[in-house]
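J.: One rule links them: number in this note's numbering = place in the sequence shown (from 1) + 1.
Glycine included, each C-beta is placed from N, C-alpha and C at the ideal position.
The structure displayed is predicted, hence computed values, not measured ones.
Please find one structure pasted underneath; my questions will follow.
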Amino acid sequence: MYKRVVKRIGVAVLAFGLLMTSGCGKKAPDDWYMEVEQYFEAGFKDGWSHDVQSVIMKDEYKDKDLKFGYYVIDLDNDGTDEFLVGYDNGTKPTVFTDIFIYHSDFGPHEIFSGGNETIYYLCNDNTIYEEFYIGKTAYTKYMKCQAGSDNSFLVVESGGEPRIVPLTYFDY
């Protein structure tokens, strides 16, 4: 009986140790997105002439008529902000090309990379509206960020209206 109790305690301690080292339950630093912000700012300053490895290059990045910026928002009310990169286009809703989350195992992680034929909008209920084209055919879907260690996005049947948000512009 004593050996079984000791064995169970040992297994519980081992499982707890594995959980703690795997990243589960780790809280994101308050300014986790600063390195992402700096990466984009450097890219826009040098016209993306450096070796781009962290993001998929988009035609929009090189369009001098577009003013890119970012928007920080806690989409799932879990206390950790998500980082959205995009541009505003006048009176239409803000267009986003990149969405980053803080993943408990990977740190900053680009979860959506649009641009070219794929764009994202932030809706007034914090859903993400994705619009993409295959040829001339448009496809759309709504996604909702789920709280948790991996901040996954689930496809949902409907969402709010795409909106204009105040971007913090990159300095370039």
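(1) For the structure I just gave you, are there three or more beta carbon pairs, one from the region 42 to 50 and one from the region 128 to 142, closer than 8 angstroms?
(2) Look at the alpha carbon of R164 and the alpha carbon of T95, and state the distance between them as a whole number of angstroms.
(3) Would you kindly report the start and end of the unbroken alpha helix (DSSP H) that includes E83?
(4) Rounding to the nearest angstrom, what Cα-Cα distance links D99 and K145 in this structure?
(5) Go through its chain and collect everything with a Cβ distance to M58's Cβ below 7 angstroms, but skip five positions before and after it.
(6) For the beta strand (DSSP E) that Y143 lies in, which residues bound it at each end?
(7) Using the Cα positions of V37 and E158, report the straight-line distance between them to the nearest angstrom.
T.: In terms of the structure at hand:
(1) no
(2) Annotation: R164 to T95 spans about 6 angstroms, alpha carbon to alpha carbon.
(3) No alpha helix (DSSP H) contains E83, which is instead part of the beta strand (DSSP E) from 83 to 88.
(4) 16 angstroms
(5) W49
(6) 138 to 146
(7) 31 angstroms
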